[in-house]
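Here's the structure we're looking at; comments come further down.
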Amino acid sequence: MNAVMDNIYGRRSVRAYTDEPVSEDKIMEIIKAGVHAPNGANTQPLRFAVVTNADKKKQYSDVSKALFVENMKKAMEQAAPDKKRFFEVYIDRLSKPEFDIFYGAPILVLIYSSPESFTPVEDGSLAAENMMLAAYSMGIGSCWIGFASPLGYVPEVFKELNVPEDHRLIASLVFGYPKKKDMAPTQRSEPKITAWLR
């Protein structure tokens, strides 16, 4: 094993953070790791918005939850009876005022792609993984927040973050120092290889 493999196998999604601030230098180092990820045709299309203001994070969490619940209620109407419970569980969770989709993390980083990108989802996802691995190497936890995806459809958020309206939100990541140290990563199954042509 080498340091890179240790990082890949040791990283995990963190959902409980301390109040200890992360320095701006470290935040920038994490973002630089994202910039160094591969991107289609070297268009370098990504833009990053950083939110450390607690009130703004709460506002974004509340906005995301409301939109997510609205969308899930619509989806539940179309779902088969045996699938409705899935939606009910998440609607209940997201409807709780105290639930913070960012898990109290001190840093939120939103990754956007410009329309110049040939492969926006791939570019943003590769950058996100680089950033999470870089953070882990510094003792900083991270988590990809899927519940924040509705922020990609709120014009006011784009305006506040100085992001052009033609850009696309690809990933919402949180960073901070984990409350628990040395957490075991989630167990993974062995690779399922459908073919190996020799």
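Just so you know, we're using UniProt numbering here: the sequence shown kicks off at 1 and counts up by one.
Using N, Cα and C, we set each Cβ at its ideal position, and we do this for glycine too.
Simplified DSSP assignment, three categories, for residue i
| i | result |
| --- | --- |
| Gly176 | strand |
| Leu103 | Rather than Leu, the amino acid found at residue 103 in this sequence is Tyr. Reduced to three states, the DSSP call for Tyr103 is coil. |
| Val4 | helix |
| Gly139 | coil |
| Ile30 | helix |
| Ser149 | helix |
| Ile91 | helix |
| Ala134 | helix |
Environment of residue i [buried if 16+ CB atoms lie within 10 Å]
| i | result |
| --- | --- |
| Pro45 | buried |
| Ile145 | buried |
| Val121 | exposed |
| Phe68 | buried |
| Gly176 | buried |
| Ile193 | exposed |
Closest by C-alpha distance to residue i, when choosing among the options
| i | options | result |
| --- | --- | --- |
| Ser64 | Gly152, Val163, Ala195, Ala75 | Gly152 |
| Tyr136 | Asp6, Arg198, Glu88 | Asp6 |
| Glu20 | Asp62, Glu129, Pro106 | Pro106 |
| Lys32 | Trp196, His167, Glu129, Arg198 | Glu129 |
| Ser149 | Asn162, Leu169, Ala41, Glu160 | Leu169 |
| Gly40 | Ala16, Gly124, Phe99 | Gly124 |
Integer Cβ distance of residue i from residue j, believed to fall under 8 Å
| i | j | result |
| --- | --- | --- |
| Val157 | Tyr60 | 7 Å |
| residue 200 | Ser142 | Examination of residue 200 is not possible in this model, given that the chain is present from 1 through 198 alone. |
| Lys57 | Leu108 | 6 Å |
| Glu116 | Thr43 | 5 Å |
Distance between residue j and residue i (C-alpha atoms, nearest Å)
| i | j | result |
| --- | --- | --- |
| Met76 | Ala171 | 25 Å |
| Met131 | Pro164 | 23 Å |
| Asp182 | Ala49 | 29 Å |
| His167 | Arg198 | 43 Å |
| Arg47 | Lys179 | 29 Å |
| Lys159 | Glu70 | 23 Å |
| Ala195 | Ser95 | 45 Å |
| Arg188 | Ala3 | 19 Å |
beta-carbon residue i near the ligand SAM non-hydrogen atom, thresh 7 Å
| i | result |
| --- | --- |
| Phe147 | Looking at this structure, you won't find the ligand SAM or any other ligand, since it has none at all. |
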